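Q: Structure below; questions to follow.
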Amino acid sequence: MKNVKLNKDTAFKWLTAFLAFILLLLGIGILLKLIISSRLSFDAFGLKFLFSREWDPVQRLFGALPFVWGTFVSATLALIIALPISIGIAVFLSELAPIWMRKPVSFIIELLAAIPSVIYGLWGLFVLAPVMQQWVEPLLGKYLGFLPFFKGYPLGVGMLTGGVIIAIMIIPTISSISREVLSAVPAHQKEAALSIGMTRWEAIWKVMLPYGRSGIVGAIILGYGRALGETMAVTMVIGNTPNISLSLFDPAYTIASVIANEFTEATYELYISSLIEIGLILFVITFILNAVARFLLWRMKRFEEVRG
Amino acid sequence: MQEINKEFRVRSSEFGDKAKFIIEGLNAWFGRNQALKNINMSVKQNEVTAIIGPSGCGKSTFVRCLNRLHEEIIGARCEGRVIFDGKDIYDPDVDPVLIRRRIGMVFQKPNPFPAMTVYENVVAGLILEGRKKKSELDEVVEKFLRLAALWDEVKDKLHQSGARLSSGQQQRLCIARTLAVEPDVILFDEPTSALDPISTAKIEELMQGLKKDYTIVIVTHNMQQAARVSGYTGFFLLGELIEFDRTNKIFTNPANRLTEEYVTGRFG
Ligand SMILES: Nc1ncnc2c1ncn2[C@@H]1O[C@H](COP(=O)(O)OP(=O)(O)OP(=O)(O)O)[C@@H](O)[C@H]1O
Ligand SMILES: [Mg+2]
Chain A
17 MKNVKLNKDT
27 AFKWLTAFLA
37 FILLLLGIGI
47 LLKLIISSRL
57 SFDAFGLKFL
67 FSREWDPVQR
77 LFGALPFVWG
87 TFVSATLALI
97 IALPISIGIA
107 VFLSELAPIW
117 MRKPVSFIIE
127 LLAAIPSVIY
137 GLWGLFVLAP
147 VMQQWVEPLL
157 GKYLGFLPFF
167 KGYPLGVGML
177 TGGVIIAIMI
187 IPTISSISRE
197 VLSAVPAHQK
207 EAALSIGMTR
217 WEAIWKVMLP
227 YGRSGIVGAI
237 ILGYGRALGE
247 TMAVTMVIGN
257 TPNISLSLFD
267 PAYTIASVIA
277 NEFTEATYEL
287 YISSLIEIGL
297 ILFVITFILN
307 AVARFLLWRM
317 KRFEEVRG
Chain B
12 MQEINKEFRV
22 RSSEFGDKAK
32 FIIEGLNAWF
42 GRNQALKNIN
52 MSVKQNEVTA
62 IIGPSGCGKS
72 TFVRCLNRLH
82 EEIIGARCEG
92 RVIFDGKDIY
102 DPDVDPVLIR
112 RRIGMVFQKP
122 NPFPAMTVYE
132 NVVAGLILEG
142 RKKKSELDEV
152 VEKFLRLAAL
162 WDEVKDKLHQ
172 SGARLSSGQQ
182 QRLCIARTLA
192 VEPDVILFDE
202 PTSALDPIST
212 AKIEELMQGL
222 KKDYTIVIVT
232 HNMQQAARVS
242 GYTGFFLLGE
252 LIEFDRTNKI
262 FTNPANRLTE
272 EYVTGRFG
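Each protein sequence line maps, in turn, to chains A and B. For the first sequence, this note's numbering gives the first residue as 17, with consecutive numbering after it. For the second sequence, this note's numbering gives the first residue as 12, with consecutive numbering after it.
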């Protein structure tokens, strides 16, 4: 009896190890394919590819900088907008909301994460962009126009709208993970905080959130990763112009968007190869980001273990 | 239940103006489950009062009603009067946060804040700690760690996590954290049940020292501990206060048969 179980366990272990291995191979395979296919563009432009602002298929000139810029700025902007809102939602749902409200509202927020990106894009184009153009951007321009970020003509489509739409898309992810992290904080921590006369607000900010911080960092990184790779919705509202401008009102372009938009139009080898090299850059960026995240989490955990 | 026949030879009047708490008709519930039934009792100032009774009889619930922590559990509520220094803490105009600053609590399981250092743990409850000068804070930390008999053991570890100490040290850190708020009363809910005999002895000794400046209520399962540290003892059973009297009376000549059975270990 014992032996049979053992054998099953071993078989299962090998099966899972095999599947994990396949996944690893797949990852390496994709990376290799990307490297091989971007060879042409790398030979033509070398490292200059990364730093050139030129993207001119007619002149056969390709540079990735505007797309890298657009990807980073839109994702970071999205995170800046989404983070406080998400933490606010998480705190509200786990601590402040009436009990009957918590489950259904959490469920609805989690559902938002399942809406296809293209639907967000349509909504962004037909609802958000006009609102941004008529209300938000003129107001920002009027009151914060002295900052370089809010200069220029409000177009409705551009970096800011792109950032807002990504923010809306990553809020469900960050807030639902943060909510779970907060709910997992043991009751004795909150009670200890209250028993020394902290207000509920202080208990949340000084004790509960710090207790769950490694989980929250994880949530943030997951959200940022999603923001970097987001394609469809951003493509529909960011303006798709390879621009590098400080003003958030100006149109921009992201890596994922340019690949989606131009791949079918890429009529010659070097063009295709350049697009693939940009894809490789995105791959490397997200890989590094994940590695850094893992490292941070690992260090924090180790720190806590040493502490605990 | 008719055999429960309560007898109180100590009444609040006996404590006179030395009564820190006068508890009148206190009932407490978890949802529909009543955990405390009509408790009437007093707590004398600068004295250690022990609460004993079998598991589940409502001891924790009782002390948690004294600092308004009970109501923080979802679905939990209580009724009755808890008069603290002449004022009912359940009056609608009373702020529970201020009450908890004056009535501190130490829990069964040591619960330091793991994201904070030893130092930060001690000052965690100070109002406007951020505005205090570093030197003032240093003084506070040393003073209360000394009072909690922990200073010598942690003075080189002040900037390590509070969760990195042994559990006995963690419990004394929690005591220092509670003392630093400078409350009048400290509620101990089985503070030593998770600790080894040496840490237990340290904490009992500490309690004796605290008696002259604080009023102490301690929940304990350990009869010897109750006998050693307290001046008065209340015996709880199934949510009711069966007997409340001087500790030596409770342990040598209790008025109630149930109390006698419990303290002599013949409780079935
Ligand atoms: N969080 C809770 N939710 C629901 N019921 C609870 C909760 N805590 C305690 N109770 C119930 O209230 C009653 C009294 O519990 P309490 O914790 O006050 O007992 P206790 O005397 O402290 O026991 P112990 O000695 O085991 O700590 C018990 O019947 C228990 O089941
Ligand atoms: Mg208890």
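Ideal Cβ positions, reconstructed from N, Cα and C, are used throughout, including at glycine. What you are looking at is a predicted structure, and each value in this text was computed from that prediction instead of being measured.
Just the chain A side, please: which residues come within less than 9 Å of glycine 115 of chain B by C-beta, in chain order?
A: On the second sequence, residue 115 of chain B is found 104 positions in, with the first residue counted as 1. Here the neighbours are Ser211, Ile212 and Gly213.
Q: Give me the residue from B:Val117, B:Leu184 and B:Gly179 with the minimum Cα distance to leucine 77 of chain B.
A: Taking the second sequence and counting its residues from 1, one reaches residue 77 of chain B at position 66. Of the candidates B:Val117, B:Leu184 and B:Gly179, the one whose C-alpha sits nearest the C-alpha of leucine 77 of chain B is B:Val117.
Q: When you measure from the CB of isoleucine 70 of chain B to every non-hydrogen atom of ligand 2, does any distance come out below 7 Å?
A: Counting from one through the second sequence, the residue named residue 70 of chain B turns up at place 59. First, the residue type needs correcting, since residue 70 of chain B is lysine and not isoleucine in the sequence shown. Result yes, Cβ under 7 Å from ligand 2.
Q: Along the chain, where does the beta strand (DSSP E) that runs through serine 54 of chain A open and close?
A: As a position in the first sequence, residue 54 of chain A is number 38, starting the count at 1. Counting along the chain, serine 54 of chain A falls outside any beta strand (DSSP E), and DSSP gives it neither H nor E.
Q: Which residues does DSSP list as the beta-bridge partners of threonine 275 of chain B?
A: In the second sequence, residue 275 of chain B corresponds to position 264, counting from 1. The partner list for threonine 275 of chain B (beta bridge, DSSP) is empty, contrary to what the question assumes.
Q: Kindly indicate if chain A contains any beta-carbon less than 8 Å away from that of lysine 31 of chain B.
A: Position 20 of the second sequence, counted from the start, is the residue given in the question as residue 31 of chain B. By this cut-off, lysine 31 of chain B is not an interface position.
Q: Would you give the residue range spanned by the beta strand (DSSP E) that alanine 46 of chain B belongs to?
A: By 1-based counting over the second sequence, the position of residue 46 of chain B is 35. Start and end: 44 to 55.
Q: Ignoring anything shorter than 3 residues, give me the beta strand (DSSP E) runs that lie fully in the region 143 to 229 of chain B, in order along the chain.
A: 196 to 200
Q: So leucine 80 of chain B contacts chain A; which residues on that side make the cut at Cβ distance below 8 Å?
A: The residue labelled residue 80 of chain B in the question sits at position 69 within the second sequence. Correct list: Glu207, Leu210 and Ser211.
Q: Less than 7 Å between the CB of aspartate 99 of chain B and some heavy atom of ligand 2, yes or no?
A: Taking the second sequence and counting its residues from 1, one reaches residue 99 of chain B at position 88. Aspartate 99 of chain B: no, Cβ never under 7 Å from ligand 2.
Q: To the nearest angstrom, how far is it from the Cα of glutamine 219 of chain B to the Cα of isoleucine 62 of chain B?
A: The sequence position of residue 219 of chain B within the second sequence is 208, counting from 1. The sequence position of residue 62 of chain B within the second sequence is 51, counting from 1. So the two alpha carbons sit approximately 16 Å from each other.
Q: Alpha carbon to alpha carbon, what distance is there between tyrosine 243 of chain B and isoleucine 105 of chain A?
A: Indexing the first sequence from 1 puts residue 105 of chain A at position 89. Indexing the second sequence from 1 puts residue 243 of chain B at position 232. Their backbone Cα atoms lie some 48 Å apart in a straight line.
Q: Can isoleucine 193 of chain A and leucine 305 of chain A be called in contact, C-beta distance under 8 Å?
A: Here the question's residue 193 of chain A lines up with position 177 in the first sequence. Here the question's residue 305 of chain A lines up with position 289 in the first sequence. No. Outside cutoff.
Q: From the DSSP output, in three-state form, read off glutamate 111 of chain A for me.
A: The count along the first sequence starts at 1 and reaches residue 111 of chain A at position 95. Helix, per DSSP.
Q: What three-state label does DSSP hand asparagine 38 of chain B in the structure shown?
A: Along the second sequence, one-based indexing puts residue 38 of chain B at 27. Reduced to three states, the DSSP call for asparagine 38 of chain B is strand.
Q: What residues from chain A crowd round arginine 183 of chain B, counting only those whose CB sits closer than 8 Å?
A: By 1-based counting over the second sequence, the position of residue 183 of chain B is 172. Here the premise fails: no neighbours, minimum Cβ distance about 14 Å.
Q: Can you give the beta carbon distance from threonine 72 of chain B to alanine 30 of chain B, rounded, assuming they're within the 8 Å contact cut?
A: For the purposes of this step, residue 72 of chain B is taken as the residue at position 61 of the second sequence. For the purposes of this step, residue 30 of chain B is taken as the residue at position 19 of the second sequence. About 21 Å separates the two Cβ atoms, so there is no contact after all.
Q: What residues from the region 214 to 235 of chain A come within 8 Å of chain B, judged by C-beta to C-beta, listed N to C?
A: Within the region 214 to 235 of chain A, the qualifying residues are Met214, Thr215, Lys222, Val223, Pro226, Tyr227 and Arg229.
Q: Which residues in the same chain have their Cβ closer than 8 Å to the Cβ of glycine 324 of chain A, if we skip the five residues on either side of it in sequence?
A: Here the question's residue 324 of chain A lines up with position 308 in the first sequence. Residue confidence is low: glycine 324 of chain A scores 39 on pLDDT, short of 50, so the model does not pin down where it sits. Its coordinate-derived value is still stated next. Taken in chain order, the list of residues that qualify is empty.
Q: For asparagine 264 of chain B, count neighbouring Cβ atoms within 10 angstroms of its own Cβ and tell me buried if that reaches 16, exposed if not.
A: For the purposes of this step, residue 264 of chain B is taken as residue 253 along the second sequence, with counting starting at 1. Its Cβ having fewer than 16 others within 10 Å, asparagine 264 of chain B is exposed.
Q: Would the region 196 to 211 of chain A count as touching the region 129 to 141 of chain A if we require 3 or more Cβ pairs under 8 Å?
A: no
Q: Using only the alpha-carbon positions, how far apart do isoleucine 253 of chain B and tyrosine 225 of chain B sit?
A: As a working note, residue 253 of chain B is residue 242 in the second sequence. As a working note, residue 225 of chain B is residue 214 in the second sequence. Isoleucine 253 of chain B and tyrosine 225 of chain B: Cα-Cα distance of roughly 26 Å.
Q: Beta carbon of glutamate 83 of chain B, beta carbon of cysteine 89 of chain B: below 8 Å?
A: Within the second sequence, the letter at position 72 stands for residue 83 of chain B. Within the second sequence, the letter at position 78 stands for residue 89 of chain B. No, they are not a contact pair.
Q: For the alpha helix (DSSP H) that isoleucine 190 of chain A lies in, which residues bound it at each end?
A: Numbered from its first residue, the first sequence carries residue 190 of chain A at position 174. It spans 175 to 199 - the alpha helix (DSSP H) in which isoleucine 190 of chain A sits, taken as one unbroken run.
Q: Can you check whether the C-beta of threonine 189 of chain B is within less than 8 Å of a C-beta belonging to chain A?
A: Locating residue 189 of chain B in the second sequence gives position 178, where the first residue counts as 1. Chain A contact via Cβ: present.
Q: Using a beta-carbon distance below 8 Å, is glutamine 13 of chain B in contact with chain A?
A: Residue 13 of chain B sits at position 2 when you count from the first residue of the second sequence. Because glutamine 13 of chain B carries a pLDDT of 40, less than 50, the predicted location of this residue cannot be relied on, and no value is offered for it.
Q: Are the CB atoms of glycine 36 of chain B and glycine 91 of chain B nearer to each other than 8 Å?
A: Taking the second sequence and counting its residues from 1, one reaches residue 36 of chain B at position 25. Taking the second sequence and counting its residues from 1, one reaches residue 91 of chain B at position 80. In contact: glycine 36 of chain B and glycine 91 of chain B (Cβ atoms closer than 8 Å).
Q: Look at the Cβ atom of serine 90 of chain A, then the Cβ atom of glycine 79 of chain A, and state whether they are nearer than 8 Å.
A: As a first step, residue 90 of chain A is located in the first sequence; it is residue number 74 there, counting from the start. As a first step, residue 79 of chain A is located in the first sequence; it is residue number 63 there, counting from the start. No, these two residues do not count as a Cβ contact at 8 Å.
Q: What residues of chain B sit near isoleucine 115 of chain A, judged by a beta carbon separation below 9 Å?
A: As a position in the first sequence, residue 115 of chain A is number 99, starting the count at 1. Going along chain B in sequence order, the residues near isoleucine 115 of chain A (Cβ under 9 Å) are Ile85 and Gly86.
Q: Consult DSSP for alanine 80 of chain A and reduce its assignment to one of helix, strand or coil.
A: Stepping through the first sequence from its first residue, residue 80 of chain A is reached at position 64. Shown here, alanine 80 of chain A sits in coil according to DSSP, grouped into three states, outside any helix or strand.
Q: Can you give me the Cβ contacts of glutamate 70 of chain A inside the same chain, cut-off strictly under 8 Å, excluding the 5 residues immediately before and after it?
A: Taking the first residue of the first sequence as 1, we reach residue 70 of chain A at position 54. Cβ within range, chain order: Leu77, Phe78 and Gly79.
Q: Given the structure, does asparagine 44 of chain B come close to ligand 1, in the sense that its CB is under 7 Å from one of the ligand's heavy atoms?
A: Numbered from its first residue, the second sequence carries residue 44 of chain B at position 33. Yes - ligand 1 has a heavy atom lying nearer than 7 Å to the Cβ of asparagine 44 of chain B.
Q: Taking only runs of the alpha helix (DSSP H) that begin and end inside the region 196 to 250 of chain A, which ones reach a length of at least 4 residues, in chain order?
A: Restricted to the region 196 to 250 of chain A, the alpha helix (DSSP H) segments that are unbroken, complete and at least 4 residues in length are 203 to 211 and 229 to 245, listed in chain order.
Q: Please classify arginine 277 of chain B: is it buried, with 16 or more other beta-carbons within 10 angstroms of its beta-carbon, or exposed?
A: On the second sequence, residue 277 of chain B is found 266 positions in, with the first residue counted as 1. Classification of arginine 277 of chain B: exposed, given that the 10 Å Cβ count is below 16.
Q: Got a sec: is the Cβ-Cβ distance from arginine 112 of chain B to anything in chain A below 8 Å?
A: Taking the first residue of the second sequence as position 1, residue 112 of chain B is located at position 101. Taking Cβ atoms only, chain A reaches closer than 8 Å to arginine 112 of chain B, which makes this a yes.
Q: Judging by CA-CA distance, which residue of A:Leu264, A:Ser57, A:Pro188 and A:Val253 is the nearest neighbour of glutamate 126 of chain A?
A: The sequence position of residue 126 of chain A within the first sequence is 110, counting from 1. Cα-wise, what sits closest to glutamate 126 of chain A is A:Pro188.
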